[in-house]
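A quick write-up on the structure given underneath.
There are 2 protein chains.
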Amino acid sequence: MESSFAIIAEPNRRAILGLLASSERSVGEIEHRLRMPQTSVSKHLRVLREAGFVESRVEAQRRVYRIRPEPLREVDAWLAPFRRFWTAHVDALERHLDRMGQAPRKGRNG
Amino acid sequence: MESSFAIIAEPNRRAILGLLASSERSVGEIEHRLRMPQTSVSKHLRVLREAGFVESRVEAQRRVYRIRPEPLREVDAWLAPFRRFWTAHVDALERHLDRMGQAPRKGRNG
DNA sequence: TGGGCATATGACCATGGAAGTACATACGCG
DNA sequence: CGCGTATGTACTTCCATGGTCATATGCCCA
């Protein structure tokens, strides 16, 4: 488990991140919202923290977690080369796929 | 292993997808480029195929694989709520994080 | 039809990670 | 100062999965 991709492969972790996307939350809040055992939440938060996905703030006895964007940004960056497949015009995509059938290299109307 | 996220958690699979991003390739081509045993390539391709990431075309004895965008698009969609963290202006982000500090917790003002 | 290459599949092993349990620690309150 | 709540961590168990080896399948060509 090194890559950011492996981290977000876990559904519960994605759920936690999804929750934190809208606002920061305490562990108990996450536990309650996701109906997940607290130890499980803590464990996942630890993984997320160590991977840089979240950071925590201490507020009395509570730990309040919030998103740290970097690793997700990394994932986003990896997706970049693939976006051409679904962005732009649909017919351009079709033409692209069609071209892939013949040429080992991309290249569109010159 | 159901989710698209789990599929791309595997580094070799990401490598394969990365290769296919520029153009379609035969199994042997992937094997050679990534210096990965053929059986391994085939297995990963199978996983990718069953998950809808790629599709294959038969060309004589060769199987030529190409990208199918849907699952990656799904990943891209999941990232959407997080993009606000790194897109737009930095000060907008700061304002956002600042807002998060108010926390939409119930019972409190908010 | 048979040989040979390209690819797929199945078995086996080892690894890694997820979940549960139990315990340790920290903090606030009275 | 002691209790209760909130959180983190170590330990164990179990299962999924990747790598590899051996082999099967399918297609071309002579």
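For the protein sequence lines, the chains are R and C, in the order given.
With the first sequence counted from 1, adding 1 to any position gets you our numbering.
With the second sequence counted from 1, adding 1 to any position gets you our numbering.
Where is the CB? At the ideal position from N, CA and C, for every residue including glycine.
Asked: For glutamine 62 of chain R and serine 41 of chain R, I'd like the C-alpha separation in whole angstroms.; Found: 18 Å
Asked: Please determine if the segment 49 to 56 of chain R and the segment 14 to 29 of chain R are in contact, where contact requires at least 3 C-beta pairs separated by less than 8 Å.; Found: yes
Asked: Quick check: what's the CA-CA separation for glutamate 11 of chain C versus valine 48 of chain C?; Found: 11 Å
Asked: Looking only at C-alpha atoms, which of R:Ile9, R:Leu46, R:Thr88 sits nearest to arginine 26 of chain R?; Found: R:Leu46
Asked: Using only CA atoms, which one of C:Ala22, C:Met37, C:Glu51 lies nearest to arginine 7 of chain C?; Found: Residue 7 of chain C is actually alanine in this sequence, not arginine. When only C-alpha atoms are compared, the closest one is C:Glu51.
Asked: Could you tell me whether any Cβ in chain R is nearer than 8 Å to the Cβ of isoleucine 9 of chain C?; Found: yes
Asked: Verify whether the separation of the beta carbon atoms of leucine 80 of chain R and leucine 73 of chain C is less than 8 Å.; Found: yes
Asked: From the DSSP output, read off the bridge partner residues of valine 48 of chain C.; Found: DSSP lists no partner for valine 48 of chain C.
Asked: How would you write the range of the alpha helix (DSSP H) that isoleucine 31 of chain R sits in, first residue to last?; Found: 28 to 35
Asked: I need the boundaries of the alpha helix (DSSP H) containing serine 5 of chain R, first residue and last residue.; Found: 5 to 8
Asked: How about phenylalanine 83 of chain C and isoleucine 31 of chain R: do their beta carbons lie closer than 8 Å?; Found: no
Asked: How would you write the range of the alpha helix (DSSP H) that glutamate 75 of chain C sits in, first residue to last?; Found: 71 to 84
Asked: Alpha carbon to alpha carbon, how far is lysine 44 of chain C from tryptophan 87 of chain C? Give it in angstroms, no decimals.; Found: 36 Å
Asked: When we look at the beta-carbon of proline 105 of chain R and count the other beta-carbons within 10 Å, is it buried (16 or more) or exposed?; Found: Summary for proline 105 of chain R: the model assigns pLDDT 39, below 50, so the residue's position carries little reliability, and this model does not support an answer.
Asked: Check the Cβ-Cβ distances between valine 42 of chain R and every residue of chain C, and say whether any is below 8 Å.; Found: no
Asked: In the structure shown, what three-state DSSP assignment does serine 57 of chain R receive?; Found: strand
Asked: Strictly below 8 Å CB to CB, what residues from chain R border arginine 22 of chain C?; Found: Looking at the sequence itself, residue 22 of chain C is alanine, so the reference to arginine does not match. Near alanine 22 of chain C (Cβ distances below 8 Å), the residues of chain R are Pro82, Phe83.
Asked: By the criterion of Cβ-Cβ separation under 9 Å, what are the contact partners of arginine 63 of chain C in chain R?; Found: Chain R residues near arginine 63 of chain C: none, gap ~13 Å exceeds 9 Å.
Asked: Do glutamate 60 of chain R and serine 5 of chain R have their beta-carbon atoms positioned less than 8 Å apart in this structure?; Found: no
Asked: Exposed or buried, what is arginine 14 of chain C when buried is set at 16 or more other beta-carbons lying within 10 Å of its beta-carbon?; Found: buried
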